[in-house]
Structures are given as structure tokens and as C-alpha cells.
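> Okay, here's the structure, questions in a sec.
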Amino acid sequence: MELLGVIGNPIAHSLSPVMHQAALAAAGKQGIYLAFLVKPEDLGQAVRGAKALGFTGLNVTIPFKQQVLPYLDALTPEAESIQSVNTIAFTGGRIVGHSTDGIGFAAAAEHELGYDFTGKTVLVIGAGGAARAIVAQLLSQQCRVYVTNRTEARAFTLLDLAGKDPARLTVVPMQPQNLESIMAQVDAVVNTTPVGMKQQAAQPELPIPAELLLPQHLVIDIIYNPKQTLFLELARQKGCRTQNGVGMLVWQAVKAWEFWWGITPPAQVMYQAVEDALKASLR
Ligand code: ATR
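Position 115 (the sequence shown) corresponds to 106 in this note's numbering; numbering is contiguous.
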């Protein structure tokens, strides 16, 4: 029996258990995947306890992706470069941290839209953990990346990912006039902030004004609840191709399986489980 789970706080609304359980059943794997609410002060004990209990692996979510680093024995190069971990494997007596967020993001665009980010010019909105993973992935695919963030100083912390090379990564102030000056060069716009998320605000908000979008942009929102944020809806009305966050959720999990077992789970089954759970949450 494989023991697996996701640790976070809050965690009650995580769709990872239904998604992984569906994949385990479809793959004919004997396993159980649960969500664990962990107090920040108990994080180390939770990770070591999972190892002691014989867990195969864990996923790590908000707010522990960086906080978990001191409790790990080793990091993969992907996790090392962004200093963030969303997947842990207990293997050979060691606790190994990995990040599948960036590769999951790129895989979602490739599988859902046939979109290849290689060499593209991308505007990333936000500078938190998710943005770090996505920016590192884009840079590994020779993208020209612009980052904009409410707190501009935080956006500058991403510059190390590009060796502080302004030809690869540039911080753009969030004022519309600054953003407007780069939009014609941009191929894709990615929202990594929670702006537009369900229950985030009384009124749906936009991460940047939708007037800045151009029909040639691919617009991705990594939010999956609601499935269509106001930002995506307005982008669609402008004629942009759009993608929501369900794909990244599924493909980061697919890549976690590849890390744990070297096997690719049935992504379609995982999509279906997530779609069903989202539908049920609307009722
Ligand atoms: P995650 O790990 O999911 O990326 P995070 O590290 O907390 O989460 O980062 C959240 C990102 O969304 C940050 O870029 C944050 O901007 P600040 O650096 O200014 O805090 C951004 N964000 C969160 N709420 C926001 C809001 N209401 N408006 C604009 N940006 C917001």
C-alpha cells in the first residue's frame, strides 16, 4: 500500500486527494492519498513523521513550499534553482524535494493548446512562489520574460533566476502606461496572483487592466476556481486564446507521479476528477 498526501494550511479545499485517488484507481495502484492540515510549528515533525510511517511521498502546498526546505536531505536541480518544493519523495532513507510546478505549467499549455513556450516573450504577473517556478521554467526555454508585481521590490527578487541579465528578465512597474509599452512584443500573459479567485473579494478583480490585452496574446490564469476568472472572460472577449489553472494542477501532479514512480498517470482521469469536484463545489 502506497501512502501519500498533501500538506498545507489551509488544505480543506485541495483537489489533490480526489485527483490522485482517481489516478491511483485508474492505474490499478494500491494506495491512499490524503490531505493533512499542518500547523507551521509542526512542519518538521510532519515531514519526519511521514518518513517514519513509510510514506512514499508528499505534495507540499501553501504556505510551506519554501518553509519545508530545512527539513529535506536533498533537492533536485529544479527545486534547488527556485528554492521551492511541491513534491517530496522518501527514497533510500532520504527525504528528497522536487518542484513540478514549472514543468507542469509548460506541460499544460503543450497538452491543452499545443503551445510551446520556447523562445516566446512572456509577461508574468506576480512574484510569489508560483511565479518563481513559472519564470524559471520559461527561462529554461529561452523565453524573454517580463515580471510585474503589486510590490515591485519583490519582483526584483526574481532577477537572480536569470543571472540578473536584463535581456532575459526585466521588472516592469504595474502602472498601465509602463505595461502598455511592452504589450505589443508579448506573446503570452500569465496571472500567478490570487486576484480573481473565488471568495478572494466581494467584486471580481483584475490582476492588470484587460484593456492592455491584445488579440494575439495567449492569456493564462493559474486560478482554477472559478474556472473562468473575469480576467479570462475579458481576454476571451478580446479574441485572445485563454487557459485556466486546471491544466497546471493536473500536470504538476502527473510530473509528481513521474518523480515518485517513473510512471505517467492517466491525465484524462485526473482532469475528469477535478472537473467533477469543481462542478460539485458549485452546487
Ligand atoms: P504563491 O506561492 O501561490 O505564488 P505567494 O507567494 O503568496 O503565493 O504570492 C502571491 C502573489 O500574488 C504575490 O506576487 C502577491 O503580490 P505582493 O508581492 O505584492 O504581495 C500577489 N498578490 C496577492 N494578492 C494580491 C492582490 N490583492 N493584488 C495584487 N497582487 C496580489
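Glycine residues also receive a C-beta, built at the ideal position from the N, C-alpha and C atoms.
Nothing here was measured: the structure is a model prediction, and the numbers come from that model.
Are there any heavy atoms of the ligand ATR lying less than 7 angstroms away from the beta-carbon of A18, as far as the coordinates show?
no
> Among all the DSSP beta bridges, which residues are the ones paired with V210?
V180, T233
> Using 8 angstroms for Cβ pairs, my map puts I125 next to G93. What's the rounded Cβ distance?
6 angstroms
> Which residue comes first and which comes last in the alpha helix (DSSP H) that contains A121?
Unbroken alpha helix (DSSP H) run through A121: 120 to 131.
> For the beta strand (DSSP E) holding V87, just list the boundary residues, first then last.
85 to 89
> CA-CA distance, L34 and G238?
It is roughly 28 angstroms from the alpha-carbon of L34 to the alpha-carbon of G238.
> If you measure from the CB of I53, is any heavy atom of the ligand ATR nearer than 7 angstroms?
yes
> Would DSSP call L223 helix, strand or coil?
Residue state, collapsed to three classes: helix.
> From the DSSP output, in three-state form, read off R135 for me.
R135 sits in a strand when the DSSP states are folded into three classes.
> Rounded to whole angstroms, what is the Cα-Cα separation between P31 and Q263?
32 angstroms
> DSSP three-state call for V38: helix, strand or coil?
It is helical.
> Over what stretch of residues does the alpha helix (DSSP H) that includes G93 continue unbroken?
Bounds of the alpha helix (DSSP H) holding G93 are 92 to 104.
> If distances are taken between C-alpha atoms only, which option among G83, A179, E202, Q243 comes closest to D212?
A179
> Suppose you measure from the CA of L205 to the CA of M(-8); what does that come to, to the nearest Å?
51 angstroms
> At which residues does the alpha helix (DSSP H) containing F81 begin and terminate?
Taken as a continuous stretch (DSSP letters only), F81 belongs to no alpha helix (DSSP H), being part of the beta strand (DSSP E) at 78 to 82.
> Have a look at N169 and A146 and give me their C-alpha separation to the nearest angstrom.
15 angstroms
> With a threshold of 7 angstroms (Cβ to nearest heavy atom), would V177 be considered close to the ligand ATR?
A distance criterion of 7 angstroms places the beta-carbon of V177 beyond contact range of the ligand ATR, judged by its closest non-hydrogen atom.
> With I2 as the anchor, note down where its alpha helix (DSSP H) starts and where it stops.
It is not in any alpha helix (DSSP H) - I2 carries neither H nor E in the DSSP assignment.
> Using the beta-carbon count (16 or more within 10 Å), is A193 buried or exposed?
exposed
> The ligand ATR: which residues have Cβ under 5 angstroms from any of its heavy atoms, chain order?
G117, A118, G119, G120, A121, N140, R141, T142, R145, T184, V186
> For L150, which of helix, strand or coil comes out of DSSP?
helix
> Could you work out which residue in P185, E171, F81 is closest to G120 when comparing CA atoms only?
P185
> Is it true that the stretch 255 to 270 meets the stretch 14 to 32, where meeting means three or more beta-carbon pairs spaced less than 8 angstroms apart?
Segments in contact, yes.
> Can you tell which of L114, S272, E143 has the C-alpha that lies nearest to the C-alpha of L129?
L114
> Which residue's Cα is closest to the Cα of H11: S272, A271, S75, G22?
Comparing Cα positions, the closest option is G22.
> Between the C-alpha atoms of F55 and Y215, what's the straight-line distance to the nearest angstrom?
20 angstroms
> Helix, strand or coil for A65 per DSSP?
DSSP places A65 within a strand segment (E or B) once states are collapsed to three.
> For I173, report the span of its alpha helix (DSSP H) as first-last.
167 to 174
> Is the Cβ-Cβ distance between E143 and P157 less than 8 angstroms?
no
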